[in-house]
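Step one of this worksheet: look at the structure below.
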Amino acid sequence: MKKNQLYLRFMLFFSMCTLSIAHTMGAVRSNATVLNGTFPFEAGSNWSYNDTGVDLGTDWREIGYDDAAWQSGPAKFGYGDGNETTTLDFGPDASNKYPTYYFRYEFEIEDASLYGDLLYSILNDDGVVVYVNGTEVVRSNMPEGTITYTTYASSTIGGSDENDFEDFSSANLLQNGTNVIAVELHQADSGSSDLGFDLALDFVPLTIEPAAYPLPAQSAWSYLDTGVSLDAEPWTTIDYDVSSWAIGLAPLGYGDPVNTEISFGPDANNKFITTYFSRDLTVELSEMAEMVAFGLNRDDGAVVYVNGVEVFRDNMPDGDIDYLTTSSTIVSGNDENVYFIHEVPKTVFVDGLNRISVELHNRDGQSSDLKFDMYIQDAEEPVEPFECSEGEIGCFTSITPTGQTSNMILPSEHRFQLLLKQGDVYSGGDNTVPGNNDFTGYVPIEGSSTLGYVSVNHENTPGGVSILDVHFNEDTLLWELDQSQPVDLYNDVLVTTTRNCSGGVTPWGTVVTAEESTNSGDNNSDGYEDVGWLVEIDPETASVIDYGSGQEKLWAMGRMNHENVVVSEDMVTAYYGEDGGTDCVYKFVADTPGDLSEGTLYVLKLDTPLANNEPTSPTATWIQVPNTTKAERNNVRNAAAALGGTNFNGVEDCEIHPLTGEIYFTSKGKGRVYKFSDDGATISNFRTFVGGMSYDIATANGTLTEDWGGGNDNLTFDDKGNLWVLQDGGNNYIWVVRPDHTQANPRVELFASMPNGSEPTGLTFTPDFKFGFFSVQHPNGNNTPQLDATFSEVTFNASATVVFALNENMGVQAPVADFEASTTNTVPGSAVTFTDLSVNTPTSWFWTFEGGIPATSTEQAPTVAYLEEGTFDVSLTVSNPSGTSEALVKEAYIVVQLLGIDEVLKNEISVYPNPTDGIVNVSLPELNGEAATVTVFDMLGRTLLTSSEVHNNGANQTITLDLSNIMASHQVLMLKVQVGASVASYKLLTK
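If you're matching positions, the sequence shown starts at 29 in this note's numbering and goes up one per residue.
Given below as structure tokens:
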């Protein structure tokens, strides 16, 4: 058995006009006469049912049982989930509900021999037993042995499993004339909160006709599983007779959930290596795309032929292949369910009839499982190759795949800044910020990317929304929080809010928050249930929008487990999804642009169901959902389910591609992102965009393979068309999917890993796409500190909201070295002071001084002595927490030379006594009116004393210095004597 959607996937083979076996089916069905129902029948059909809490024994299963007193109604049957079409009675005591309910579906056929095996698709919450004409054929979630009225189901069905269908098959037990399908539905316990049942029935055809292109997954195939080698037979050609082969609906195989179980032979330890499959396909080449996509689900390896010519092989060795050739590798885990895409030119086909042939090879004779399915359709149109440009926020090298650690991990090109954390105090009050931060929407003020609001949802019970007023400081390159406040969602009009999950930002600058819970209650008696709505907020006032009737929630958009919303730039069309309940995709078309208070609501219904979570048709239809009255608005999801809206198992977000206008949405439970083009009343080009497989990731440590995993949650696009996918599940990554990505030619990058225990939520960008805002929800309390863009330590031990950017756009930047000297031309014995002119606030310095004393320094503004003549280099390297600069070298920067000294002056100057014990005399020649100065330096170039006091001694003049208070013993000092423009330097020794 396997999980399914609202009705049997097998129905697509008979409802699609493109599938030619429908011609055979039409002939078969035309002979079926309806009694109370038709055969086959879909989910949502009418049944007779008994919910009176009475033990009916066993006779009720039989054809002749009189059920005239029973009630009748359409499925889904049940209570407690809110999406039931027919509500069952659980009895007078909610703590002691009825354990069992009975259902009967009668129909009449003329010739039972026209049908193959019966195929059942069943939604059961909690357990069921199914009978055909009184014989048990299916038992799901029920214990072994005799089943009675008081028998409870084996386990409780919960979460998204409550809305999943499971597939079963049995032999054809139908008879000519009247037939009855009887079902008993059992609760898990007497206090269970909910119950649910639906069933669809189909059959395997006995003959198979050529299919019309495109061929969907889970189609019917002829197959040969007898262990006979066809190596010597032309079995892949159109003329080869396969009429004696068995027929079954894919997936075909054994050991895993399949629709058709095939034989592995008489010996489980020596299974057949090869099984053969064949299907004829009619095509019109003029209607096909230039490239055709084959989606191959193979466990383990396969070779695919078209009209006798091999077009590709997958997981098979090179060279000749025969019946005993095994696959290259063992296929296991998620790869057993992946449709590996191969694109081939349409020229491999001919107009008209074509033969598709596949040989499926096992890894060895002891393998536990085998499986095959394949679809064939137009390949996606080629997309212009995307090249990342420096300076774009989406340009980075992927992080290395990892499990969660105690820190957030971003690419080396990016950094983050913590803005808000659970427990912070709101501005101007004592209230603190709640936790479970979710949708994080930046709303610009007048289009600004540096001034705006950040709206943060809190997915709590009760819930809430925080509004942050923020601006970007161009000097510090950091964001600053100017004000924070909660939105008032608790008043007589709005009553309350609960589990504010995701949401969206409208083109007109408001925020829409999504209430994910639908707990019942109308406490203000306004006719609307209090919780389960989209709510529009003005971030400037931090209050709910008033469209003229006071503060109201967006009633017309319907009550459900809201998860998200995106509003088109036309300011009219909105798309959103439900996470739980119907798990459907919805479209709302507003009556007035920029006003979401009134409009028309639609639910998306695929023309054919998903198969193995993959589309089987590129088309779907929008079905209008009544939403005019209060009752209709309170119950839109019930109506949507009854109208056949497709269940996608957790629609967590919808987004619109900024360049193509296509709609993208996540399916959390299916681990995929789907996309489509909205054509108005219908959609086209419905495909899986990403997910459901592993991808090669180019990292700094080489190319690594990482499974996409599950839990696709939030989506957002940047301006280049990169799709950012935030996951709630798997490894809770943030992925970036390039615009030219296809499943056949993947281009996927891994952007971020969240700290232990957390998931990323609610990413939005500033209008210039320099900054992105998202939240970190429910991290562990024992995560360790790390540095953010302020280069302060922050710890993700509670829910938090952050902003991220490329390194060069936020936070302290790596410094750039520069400096200047107090002089660049000097004389021996002179001191030069250096000034740091570096930018970006360095915190450490490393200087080198050729010919100077000292030769190196780590001071910010060192003074250096130059004692010898020469031309010298100076270099500076600076650092701060952001990094280290390149060394700035100024070559031949300091010139040291004697100026204006002639031999006569030099010989006429004397310094004595030398060595000295403190008193030093400098005897000068006749000055002739010129000024004279003597300066004393130590060997570090520091000035110790300067004197211009000249004493006349007849023809000679003397400057006398007392160094006793500034000198040390056995010290070398330098004296610079300047007379007019002439300079001389002398060494002076101390005793």
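C-beta atoms are modelled at their ideal positions from N, C-alpha and C, and glycine is treated no differently. Here the structure is a predicted model, which means the values were calculated and not measured.
- request: Specify the secondary structure class of residue 949 as computed by DSSP and reduced to three states.
  value: strand
message: What residue range does the alpha helix (DSSP H) around residue 659 cover?
response: 658–662
The beta strand (DSSP E) enclosing residue 682, as first and last residue numbers: 682–684
task: Confirm, please, whether the CB-CB distance from residue 280 to residue 400 is below 9 Å.
output: yes
task: With 9 Å as the threshold, decide whether the Cβ of residue 442 is near any Cβ in chain C.
output: No chain C appears in this structure, which consists of one protein chain only.
message: Does residue 153 come out as helix, strand or coil in the three-state DSSP assignment?
response: strand
task: Indicate whether residue 225 and residue 103 have their beta-carbon atoms separated by less than 9 Å.
output: yes
- request: With DSSP as the reference, label residue 374 as helix, strand or coil.
  value: helix
query: Do residue 736 and residue 800 have their C-beta atoms within less than 9 Å of each other?
result: no
Other residues of its chain near residue 903: CB distance less than 8 Å, five sequence neighbours each side excluded: 875, 876, 915, 916, 917, 918
Contact set for residue 869: own chain, Cβ-Cβ below 8 Å, skip 5 residues either direction: 840, 843, 908
field: 9 Å Cβ cutoff met for residue 920 and residue 945
entry: no
message: Residues in the same chain with beta-carbon distance under 7 Å from residue 939, minus the five sequence neighbours each way, listed in chain order, please.
response: 948, 950, 1003, 1014, 1016
Residue range of the beta strand (DSSP E) that includes residue 873: 872–877
query: residue 224 by DSSP, collapsed to three states: which one?
result: strand
Neighbourhood of residue 660 by C-beta distance below 6 Å, restricted to the same chain and skipping five residues each side: 654
query: Helix, strand or coil: how does DSSP classify residue 700 here?
result: strand
query: How would you call residue 793, buried or exposed, if buried means at least 16 neighbouring beta carbons within 10 angstroms?
result: buried
query: Which full runs of the alpha helix (DSSP H) of 4+ residues lie inside the segment 632–677, going along the chain?
result: 658–662, 664–670
query: Applying the criterion that 16 or more other CB atoms from any shown protein chain within 10 Å of the CB defines a buried residue, is residue 385 buried or exposed?
result: buried
- request: Decide if residue 68 is buried, meaning its Cβ has at least 16 other Cβ atoms within 10 Å, or exposed.
  value: buried
message: For the structure I just gave you, are there three or more beta carbon pairs, one from the segment 295–311 and one from the segment 409–420, closer than 8 Å?
response: no
task: Assign residue 956 to one of two classes, buried (16 or more other C-beta atoms within 10 Å of its C-beta) or exposed (fewer than that).
output: exposed
Where the beta strand (DSSP E) through residue 81 begins and ends: Taken as a continuous stretch (DSSP letters only), residue 81 belongs to no beta strand (DSSP E), as it is neither H nor E.
- prompt: Hey, would you say residue 11 sits closer than 9 Å to residue 324, going by beta carbons?
  reply: For the chain, the structure presents residues 29 to 1019; residue 11 sits outside this window and is missing.
message: Measuring only the C-alpha atoms, how far is residue 1019 from residue 961?
response: 24 Å
message: Excluding the 5 residues flanking residue 1023 on each side, which residues of the same chain have their C-beta closer than 6 Å to its C-beta?
response: This structure cannot speak to residue 1023, because the chain is shown only from 29 to 1019.
query: Which residues bound the beta strand (DSSP E) around residue 307?
result: 302–311
- request: Name, in chain order, the residues that DSSP records as bridge partners for residue 832.
  value: 444, 800
Integer-rounded CB distance, given that residue 484 should sit under 8 Å from residue 517: The Cβ separation is near 14 Å, so there is no contact.
task: Flag this pair as touching only if the segment 236–244 and the segment 336–356 have three or more C-beta atom pairs under 8 Å; answer yes or no.
output: no
- prompt: residue 93 to residue 185, Cα distance in whole Å?
  reply: 31 Å
- request: Let me know if residue 450 comes out buried or exposed under the rule of 16 or more other beta-carbons within 10 Å of its beta-carbon.
  value: buried
- prompt: CA-CA distance, residue 499 and residue 849?
  reply: 39 Å
Proximal residues to residue 130 (C-beta, below 7 Å), its chain only, five neighbours per side dropped: 77, 78, 84, 88, 212
query: For the beta strand (DSSP E) that residue 367 lies in, which residues bound it at each end?
result: Taken as a continuous stretch (DSSP letters only), residue 367 belongs to no beta strand (DSSP E), as it is neither H nor E.
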